[in-house]
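Structure record follows, encoded as structure tokens.
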Amino acid sequence: MPSKHDRYKSKYTVDRQVPGAFEGETITRRRFMTGTAHTAGAVAAASFTLPALGLALAPVFEREPHRWEIAGPVDMFPDDNYIPVVVTLAAGIGQVGKTTVYVRKHNAALDTDAYDRNPRTHPFIALSDRCAHAGCPVRWVPAAERFACPCHGGVYDILGRRVGGPPPRPLDRFFTRVSKQGLVEIGPRYSVNSELKPFSPRGPGEPLDGLGQYLYPAQFDERK
Amino acid sequence: MPLHPVAEAGVTVVDWIDERTSLSGAGRWMMFRKVPKGTNWFYTLGSATMFAFLSQAVTGVFLAMYYRPDATGGAYESVRHLTNEVFLGAFVRGMHLWGASVMVVLVFLHMGRTFLWGAYKYPRELNWIIGVVLLILTMVMALTGYLLPFDQRAYWATVVASNITGTGPIVGPYLADFLRGGSEFGATTLSRFYAIHMLVVPGLIAALMGAHLYLVAKLGTTAPPWKKVHKDVKLDTIEA
Ligand code: HEM
Ligand code: FES
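First to last, the protein sequences are chains A and B. Just so you know, we're using the working numbering here: the first sequence kicks off at 1 and counts up by one. Just so you know, we're using the working numbering here: the second sequence kicks off at 225 and counts up by one.
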């Protein structure tokens, strides 16, 4: 037998035998107040968590400006041997931001593959010293015409293609150009697969052949 | 016999706090637990890990008084100064450095103990899971701490470690960028590692250690697997 009060109760709550809401109300006041308090708490928490998270995650998306670093005068570099030059990759942290690049002149007899045989777009060949396995610095051994990695025995040929050891792809390369003053300039880094096809720069250890290029997608913070 | 006035004062203070917090009950609940027959030294490996962590926390706080996370040379210089010139600096740094390895070894021994005892089984699965997170966090501490002296070894170890992170399929490259604070090892990598090493992870470890120990006290520890359930002789005779 419904009590006298039921007449004033909301149909949304009376069926469920919960007290609180009156006619026309769709939610009890208690639930409304609880919800409001929880929402206020969530907003307050989000107001410091989200900016902090954004700050921590920003570097994943940030795009570095391109740098063109001077390597040296054009005739400093032969076309059958690499000359190591030191360039700055990340500014503002002194020695730590520098890296070694191995540079030589374009050589029509060597650079015969489809991607770098044009000496106008590739006037110089600049290889990164960073091993494609785990990033140790490789050394150019002129007598053997090989790059050798001290860490796990990775070996590369004169084009930077892997000939031994664990590296999954060739050495990375840098774009090059010649300035009006006749200076060789080193530009952004890019990665290549085993056919020397260029890809946006990847980290060491990321293969670019077959499935590899899909498993290790280009990053937001790198030019495509 | 009346108590010595000093002891009396101590009792008064403890009573005063306990009357307002009832902490002594919680203390008794935590400290005076029943333990299974056959409990042995292997059960101390968890506490040993905890003390290794506390030692790291205390020595770390004092190292932080001298350390400067400055990638242009200040970091290395501050560690050099601490090691060579500060009174007991080399000693406290040594405790932290060797203590880190001790903690990693102890975590694994403790994990091995709970595994061999079958202590990960119902109802202690959650404690195993918390343990796995603690293990990972301990490794994160070891990784991030290794960079801080900022010598050649620290630098290359971190370059290689963040590159290895990058080799995880799909998410790896993003994680590596997050770790380094960019696609290259840059100006913020060191301060990032420093913040993770001294603020983020120690807090998480302390909180999870609390949860871990709460569950240990609540569920009790596992009896050694070689202890057979004791047969009740009287019950057996009745059934026969
Ligand atoms: C920071 C690291 C850790 C600390 C400080 C810690 C601390 C402790 C302590 C003090 C105990 C009490 C019993 C004993 O000492 O054996 C315990 C129990 C336990 N721990 Fe850990 N632990 C840590 C990491 C781990 C890891 C990595 C695992 C496994 C993945 C784990 C799994 C367990 C389990 C299952 C128990 C229950 C043991 C039983 O019921 O007998 N813990 N822990
Ligand atoms: S880093 Fe060069 S072979 Fe491993």
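Positions of the beta carbon are idealized from the N, C-alpha and C atoms, including for glycine.
- Message: At a cut-off of 7 Å, would you count GLY392 (chain B) as near the ligand FES, judging by its Cβ distance to the nearest heavy atom?
- Response: For the purposes of this step, residue 392 (chain B) is taken as residue 168 along the second sequence, with counting starting at 1. Set against 7 Å, the gap from the CB of GLY392 (chain B) to the closest heavy atom of the ligand FES is not smaller.
- Message: Taking the alpha helix (DSSP H) that GLU243 (chain B) belongs to, which residues open and close that run?
- Response: Stepping through the second sequence from its first residue, residue 243 (chain B) is reached at position 19. In the DSSP assignment, GLU243 (chain B) falls within the unbroken alpha helix (DSSP H) covering 229-245.
- Message: Please confirm whether LYS224 (chain A) has its beta-carbon closer than 8 Å to some beta-carbon of chain B.
- Response: Position 224 of the first sequence, counting from 1, holds the residue named residue 224 (chain A). Because the pLDDT at LYS224 (chain A) is just 42, under 50, the model does not fix this residue reliably, and the point stays unresolved.
- Item | Residues near SER415 (chain B) in its chain [Cβ-Cβ closer than 6 Å; skip 5 each side] | Locating residue 415 (chain B) in the second sequence gives position 191, where the first residue counts as 1. Once the five neighbours on either side are set aside, the close Cβ partners of SER415 (chain B) are PRO293.
- How close, in whole Å, do the beta carbons of ARG117 (chain A) and ASP79 (chain A) come, if the pair is a contact with beta carbons under 8 Å? Mapped onto the first sequence, residue 117 (chain A) falls at position 117. Mapped onto the first sequence, residue 79 (chain A) falls at position 79. The beta-carbon distance between ARG117 (chain A) and ASP79 (chain A), rounded to whole angstroms, is 13 Å. This is too long to meet the 8 Å contact definition.
- Message: Let me make sure I understand the geometry here. Which of B:MET255, B:LEU359 and B:THR413 has the alpha-carbon closest to that of THR273 (chain B)?
- Response: Residue numbering aside, residue 273 (chain B) sits at position 49 when the second sequence is read from its first letter. It is B:LEU359.
- Message: Using C-beta distances below 8 Å, list every residue in its chain close to GLU309 (chain B), excluding the 5 sequence neighbours before and after it, in chain order.
- Response: As a position in the second sequence, residue 309 (chain B) is number 85, starting the count at 1. Closer than 8 Å at Cβ, skipping near neighbours: no residue.
- Message: Am I right that GLY153 (chain A) and GLY135 (chain A) are in contact with their C-beta atoms under 8 Å? What's the rounded C-beta distance?
- Response: Position 153 of the first sequence holds residue 153 (chain A). Position 135 of the first sequence holds residue 135 (chain A). GLY153 (chain A) to GLY135 (chain A), Cβ: 15 Å. No contact.
- Message: Run through the DSSP bridge pairs and tell me what THR88 (chain A) is partnered with.
- Response: Locating residue 88 (chain A) in the first sequence gives position 88, counting from the first residue. DSSP lists A:LYS98 as partners of THR88 (chain A).
- Look up PHE199 (chain A) in the DSSP assignment and say whether it is helix, strand or coil. Counted from its first residue, the first sequence places residue 199 (chain A) at position 199. Here PHE199 (chain A) sits in strand by DSSP.
- Message: Does chain A have any CB closer than 8 Å to the CB of THR368 (chain B)?
- Response: What you label residue 368 (chain B) is simply residue 144 of the second sequence in a count that begins at 1. Chain A, which has no Cβ nearer than 8 Å to the Cβ of THR368 (chain B), makes this no.
- Can you name the residues of chain A whose CB is closer than 7 Å to the CB of VAL425 (chain B)? In the second sequence, counting from the first residue as 1, residue 425 (chain B) sits at position 201. Ordered by position in chain A, no residue passes the 7 Å Cβ test against VAL425 (chain B), which lies about 14 Å from the chain.
- List, in order along the chain, the chain B residues whose C-beta lies closer than 7 Å to that of ILE93 (chain A)? Within the first sequence, numbered from 1, the residue matching residue 93 (chain A) stands at position 93. Chain B residues near ILE93 (chain A): ALA295, THR296, GLY410 and ALA411.
- Message: Under DSSP, the beta strand (DSSP E) around GLU349 (chain B) begins and ends at which residues?
- Response: The sequence position of residue 349 (chain B) within the second sequence is 125, counting from 1. It is not in any beta strand (DSSP E) - GLU349 (chain B) instead sits in the alpha helix (DSSP H) that spans 349-371.
- Task: Rank B:PRO448, B:TYR290 and B:ALA441 by C-alpha distance to the C-alpha of ILE250 (chain B) and give the top, closest one.
- Result: Taking the first residue of the second sequence as position 1, residue 250 (chain B) is located at position 26. Contrary to the premise, residue 250 (chain B) reads as Ala rather than Ile in this sequence. When only C-alpha atoms are compared, the closest one is B:ALA441.
- Query: Is ILE354 (chain B) buried or exposed, if buried means 16 or more other CB atoms sit within 10 Å of its CB?
  - Reply: Looking up residue 354 (chain B) in the second sequence gives position 130. When all chains shown are included, ILE354 (chain B) counts as buried.
- Query: Who are the neighbours of ASP401 (chain B) on chain A, taking C-beta pairs under 7 Å?
  - Reply: Your numbering for residue 401 (chain B) matches position 177 in the second sequence. Simply PRO59, VAL60, GLN219 and ASP221.
- Could you name the residues of chain A that THR391 (chain B) contacts, counting a contact when the two beta carbons are closer than 7 Å? By one-based count along the second sequence, residue 391 (chain B) stands at place 167. Within 7 Å Cβ-Cβ: GLY205 and GLU206.
- Heavy atom of the ligand FES less than 7 Å from the Cβ of HIS106 (chain A), yes or no? The sequence position of residue 106 (chain A) within the first sequence is 106, counting from 1. It does not: the Cβ of HIS106 (chain A) is nowhere closer than 7 Å to a heavy atom of the ligand FES.
- Buried or exposed: where does PHE277 (chain B) fall if 16 or more other Cβ atoms within 10 Å of its Cβ makes it buried? Within the second sequence, the letter at position 53 stands for residue 277 (chain B). Around the C-beta of PHE277 (chain B), 16 or more other C-beta atoms lie within 10 Å, and the residue is accordingly described as buried.
- Message: Does chain B have any CB closer than 8 Å to the CB of LEU53 (chain A)?
- Response: Counted from its first residue, the first sequence places residue 53 (chain A) at position 53. No, no contact with chain B.
- Which residues does DSSP pair with ARG317 (chain B) in a beta bridge? Within the second sequence, numbered from 1, the residue matching residue 317 (chain B) stands at position 93. Note: ARG317 (chain B) sits in no beta bridge, so no partner.
- Any heavy atom of the ligand COA closer than 7 Å to the Cβ of PRO166 (chain A)? For the ligand COA, the structure offers nothing, since it holds only the ligand HEM and the ligand FES.
- Query: Within the present structure, is the beta-carbon of ALA400 (chain B) separated from the nearest heavy atom of the ligand FES by less than 7 Å?
  - Reply: The residue given as residue 400 (chain B) occupies position 176 in the second sequence. If you check the C-beta of ALA400 (chain B) against the ligand FES, you find no heavy atom less than 7 Å away.
- Query: Nearest chain A C-beta to VAL395 (chain B) closer than 8 Å, yes or no?
  - Reply: Residue 395 (chain B) sits at position 171 when you count from the first residue of the second sequence. Not closer than 8 Å to any Cβ of chain A, the Cβ of VAL395 (chain B) fails to qualify, so no.
- Task: Following the continuous alpha helix (DSSP H) through VAL229 (chain A), name the residue where it begins and the one where it ends.
- Result: What the structure shows of chain A is the stretch from 1 to 224, and residue 229 (chain A) is not part of that stretch, so it cannot be assessed.
- Message: Under DSSP, the beta strand (DSSP E) around PHE147 (chain A) begins and ends at which residues?
- Response: For the purposes of this step, residue 147 (chain A) is taken as residue 147 along the first sequence, with counting starting at 1. It spans 146-148 - the beta strand (DSSP E) in which PHE147 (chain A) sits, taken as one unbroken run.
- At least one CB of chain A closer than 8 Å to the CB of GLY284 (chain B): is that the case? Working through the second sequence from its first residue, we reach residue 284 (chain B) at position 60. Output row for GLY284 (chain B): interface = no.
- Query: Given a limit of 8 Å on CB to CB distance, which residues of the segment 109-136 of chain A reach chain B?
  - Reply: Residues of the segment 109-136 of chain A whose Cβ lies closer than 8 Å to any Cβ of chain B, in chain order: ALA134, GLY135 and CYS136.
- Query: Are the beta-carbon atoms belonging to MET327 (chain B) and THR362 (chain B) less than 8 Å from one another?
  - Reply: For this step, residue 327 (chain B) is matched to residue 103 along the second sequence. For this step, residue 362 (chain B) is matched to residue 138 along the second sequence. Judged by their CB atoms, MET327 (chain B) and THR362 (chain B) are nearer to each other than the 8 Å cut-off.
- Query: Is there contact here, the segment 167-175 of chain A with the segment 188-202 of chain A, by at least three beta-carbon pairs under 8 Å?
  - Reply: A contact exists between the segment 167-175 of chain A and the segment 188-202 of chain A.
- Item | Minimum C-alpha distance to LEU215 (chain A) - residue among B:ARG404, B:PRO260, B:THR391 and B:VAL303 | Numbered from 1 along the first sequence, position 215 holds the residue referred to as residue 215 (chain A). The residue with the shortest Cα to Cα distance from LEU215 (chain A) is B:THR391.
- Item | Rounded distance between the beta-carbons of THR389 (chain B) and ALA378 (chain B), thought under 8 Å | Here residue 378 (chain B) refers to the residue found at position 154 when the second sequence is read from its first residue. Here residue 389 (chain B) refers to the residue found at position 165 when the second sequence is read from its first residue. A Cβ-Cβ distance of about 16 Å is found for the pair ALA378 (chain B) and THR389 (chain B), leaving them out of contact under the 8 Å criterion.
- CA-CA distance, GLY160 (chain A) and GLY284 (chain B)? For the purposes of this step, residue 160 (chain A) is identified with residue 160 of the first sequence, where counting begins at 1. For the purposes of this step, residue 284 (chain B) is identified with residue 60 of the second sequence, where counting begins at 1. Distance between the alpha carbons of GLY160 (chain A) and GLY284 (chain B): 44 Å.
- On the premise that HIS133 (chain A) lies in contact with PRO204 (chain A), defined as a C-beta separation below 8 Å, what is that separation, rounded to the nearest angstrom? Taking the first residue of the first sequence as position 1, residue 204 (chain A) is located at position 204. Taking the first residue of the first sequence as position 1, residue 133 (chain A) is located at position 133. About 6 Å; that satisfies the 8 Å criterion.
- Task: Give the DSSP bridge partners of LYS105 (chain A), in chain order.
- Result: To locate residue 105 (chain A), count along the first sequence from 1; it is residue 105. Per the DSSP secondary-structure output, LYS105 (chain A) pairs in a beta bridge with A:PHE124.
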